[in-house]
Every structure is written in C-alpha cells, then in structure tokens.
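Asker:
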Amino acid sequence: MKKITKAVIPAAGLGTRFLPATKAMPKEMLPIIDIPTIQYIVEEAVQSGITDLLIITSRSKKAIEDHFDINVELECALTKSGKTQVISELRKISDMVNVQFIRQQEQKGLGHAVYHAKTFAAGEPFAVLLGDDVVHSEVPCLKQMIDVYEKHPGTILGVQTVSYDNISKYGALDCSKVEDRVYRVKDMVEKPKKEEAPSNIAVLGRYILEPEIFDALEKTKPGAGGEIQLTDAIKMLCESGKVYGYDFIGRRYDVGDKFGYLQAMVEYALRRDDLGDVFSEYLKEIISSL
Ligand code: UTP
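Mapping the sequence shown onto this note's numbering, position 254 (from 1) lands on 268, and the numbers just tick up by one.
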C-alpha cells in the first residue's frame, strides 16, 4: 500500500467570521501566543510523516508564503545582535518540510480549493488539514488517521461527537459502527438543522482522500452557499462502502471562530512551560476578583 506522504492545507477562505482582523491578514496567521495557527498544523503534518505539503492560498495570503520562506534581512539583523538561537528557531520553520503553494483565484468553496491539488496528488492518496483547525493531542491527529487508513484503506474523515445544538456548524454523519472509534459512512449532511441531523458525529477539519475524489469533485455542482462543497463530493463515494469516520483522540479548536480562538489561546498558554504557572495564577486572581 502507498504510504501517505502528501498533505494539502486549504487556506484560501475569506475568514469573514474574524473581520476586521482578517481584512489584511490571513486568519491562518493569527498567532496562538507567538506561533501562527498554520505552523501548528504544519508541525502536526510533519510529525505524522508528511514530507510534501501543498498550501492553497489566495491573493491576500502572501504572509503565509513569507512565513515558510527564509528572511535574509531578518537573519542578518539577528546575527549582528548575537541572537543566533532565534535564527535557528526561524530556520526550523523553513526547513520543516518541502512546501509548495497554489492560488485559488475565486473563493468557490472547500471542494473547489481541494481540486487544485489534483496535479500535486499525482494519483496518490493524500491528507487534507484545514488551515484554521488545530488539534492538541499526544499522538498527532493525522498520524492516528493514517494508522486507520492502513487498516481500512479508503476515505477517512476525522470526526468527533458534538452537542446537537452545535451540529449545524458541521457536516454530520449517517453511519454505523465498525469498531471502537471507527464508523462506516452511509451518507453525510452538510450543516444540518438540529432536528434534521442524522447524528451528532461531526466532521472536523481532517481528511484522508484517495484520487477518486477528483472525479467526484468534477461532477459536484455548487451546493450550500453556492460553493462547491467537499462534503457533496465525498457523499458520492459513500456507495463504495469505503468511507470511514474516525473519532480521533485530542482536543480540537476552531481558530477561525472567535470563541474557539480564545479557548486555544488560553489553553495553549496554560500548557506552556514558560507561561503556564504565571498565567494560571493571573487567571485565578482575575476570576476571584469578578
Ligand atoms: P471556512 O468556512 O472555515 O473558512 O472553510 P472561511 O470561508 O475562510 O471562513 P468564514 O466562515 O468566512 O469565517 C474551511 C476551510 O476551507 C478553506 C478555508 O481557508 C478553511 O481552511 N477554504 C474555504 C478555501 O481554501 N477556499 C474556499 O473557497 C473556502
């Protein structure tokens, strides 16, 4: 079986939920403390065995390309001031992985963005990690999914159970259990109303896709919001019986949502060796003074 070594990060969305911050700055560059969101996602991919990465960007996302490039002027200035440790930190980012970029010229939806990866995938299975979904876990989320793919080759969707009040934000699965944490997907509904949701098992920003997805995307008509939905293309593959949902172990944050971003910022700060204790004391103090 072909090992999964390629991953795609769609990061071309408009980020309208985070305006005005995202008017001139990509939402994927919003920092969780001092590390841009997309860097956490690239690190997860690398720790999962990915060697080649394609980031789908757009006109207003040049900062993402610059972040994964070498900044010669900055390195010269840091050398002059003796901050060589910082230079190696910065180099780590550009040396992390072989990364390519492609632009989605019009924001016609996630399915349309993923279609841009057809040449990059070159007939191989590949992973998709959404540019605004961060997962904190012991075993990287994508690594868990690759392990499931090796046992159940097909399309693997990263899922978790959410409350029925929240299901309308996600794609919901109509599925049956295959084994612990693994479901066979019969159908999916994108952003269903609470009372119409087939389950509260939601698709959350991580996918393993096979090359058949591109034929399905070619046949996919614009759906919800006039966008070409990845969910609609995956639905076409369900008949094969090889679409699985995997309930991954980890805490997931939707950094493209204001509350999700706040949760990520607070929880990552509490976990940090250099900030955790002092920040925890500070939080206790302000909460007790309310
Ligand atoms: P979202 O719906 O979360 O992103 O898409 P958005 O459209 O940027 O956000 P809001 O709702 O307006 O705030 C999920 C993922 O798909 C990418 C986004 O960048 C995000 O990673 N995406 C979405 C694209 O790359 N292209 C698109 O046309 C749409």
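All residues carry an ideal CB built from backbone N, CA and C; glycine is no exception.
Please determine whether the Cβ atom of Q121 lies at a distance below 6 Å from any heavy atom of ligand 1.
Answerer: Answer for Q121: yes, Cβ within range of ligand 1.
Asker: Can you tell me whether DSSP reads E204 as helix, strand or coil?
Answerer: Three-state result, E204: strand.
Asker: Any heavy atom of ligand 3 closer than 6 Å to the CB of G274?
Answerer: Within the structure as shown, ligand 3 is missing, the only ligands being ligand 1.
Asker: Regarding I78 and ligand 1, is the C-beta to nearest heavy atom distance less than 6 Å?
Answerer: Outside the cutoff, so no.
Asker: Can you find a heavy atom of ligand 1 that lies under 6 Å from the Cβ of G27?
Answerer: At least one heavy atom of ligand 1 is nearer than 6 Å to the Cβ of G27, so yes.
Asker: Report yes if the C-beta distance between I84 and P40 is below 7 Å; otherwise report no.
Answerer: In this structure, P40 does not lie closer than 7 Å to I84 by Cβ.
Asker: Span of the alpha helix (DSSP H) holding S102?
Answerer: Element bounds for S102: 98–109.
Asker: Can you tell me which of the three DSSP states Y260 falls into?
Answerer: Three-state DSSP puts Y260 in a strand.
Asker: Could you give the DSSP three-state label for Y178: helix, strand or coil?
Answerer: Residue state, collapsed to three classes: coil.
Asker: Count the other C-beta atoms from every protein chain shown that fall within 10 angstroms of the C-beta of S177, then say buried if there are 16 or more, exposed otherwise.
Answerer: So S177 counts as exposed.
Asker: Would you decide whether T71 is buried or exposed? Buried here means 16 or more other CB atoms lie within 10 Å of its CB.
Answerer: Result: buried.
Asker: The beta strand (DSSP E) with D66 in it runs from where to where?
Answerer: Here the beta strand (DSSP E) through D66 covers 66–71.
Asker: Given 6 Å as the limit, tell me if T30 has its C-beta closer than that to any heavy atom belonging to ligand 1.
Answerer: Flag set: Cβ of T30 near ligand 1.
Asker: Let me check understanding here. Comparing Cα to Cα, which of L28, F293, Q61, L289 lies closest to I18?
Answerer: Cα-wise, what sits closest to I18 is Q61.
Asker: Ligand 1 and L124: does any heavy atom of the ligand fall closer than 6 Å to the residue's C-beta?
Answerer: Yes, the Cβ of L124 comes within 6 Å of a heavy atom of ligand 1.
Asker: For M110, which of Y163, G63, A230, G168 has the nearest alpha-carbon?
Answerer: Among Y163, G63, A230, G168, the Cα nearest to that of M110 belongs to G63.
Asker: DSSP beta-bridge partners for E152?
Answerer: In the DSSP output, where bridge partners are listed per residue, E152 has none listed.
Asker: Going by Cα to Cα distance, which pick from N214, V192, S182, F228 is closest to P206?
Answerer: Checked all of N214, V192, S182, F228; the closest Cα to P206 is S182.
Asker: Would a C-beta distance cut-off of 7 Å place S294 and L304 closer than the cut-off?
Answerer: No, they are not a contact pair.
Asker: Looking at the structure shown, is Y184 part of a helix, part of a strand, or coil, going by DSSP?
Answerer: Three-state result, Y184: coil.
Asker: With a threshold of 6 Å, establish whether the CB of P50 neighbours any heavy atom of ligand 1.
Answerer: Result no, Cβ not under 6 Å from ligand 1.
Asker: Can D146 be considered in contact with ligand 1, in the sense that its beta carbon sits closer than 6 Å to one or more heavy atoms?
Answerer: Under cutoff, so the answer is yes.
Asker: Using CA coordinates, which residue listed in T65, T93, G259 is at the minimum distance from D194?
Answerer: Cα-wise, what sits closest to D194 is G259.
Asker: Are L124 and L244 closer than 7 Å when you measure CB to CB?
Answerer: Their beta carbons are under 7 Å apart, which means L124 touches L244 by this criterion.
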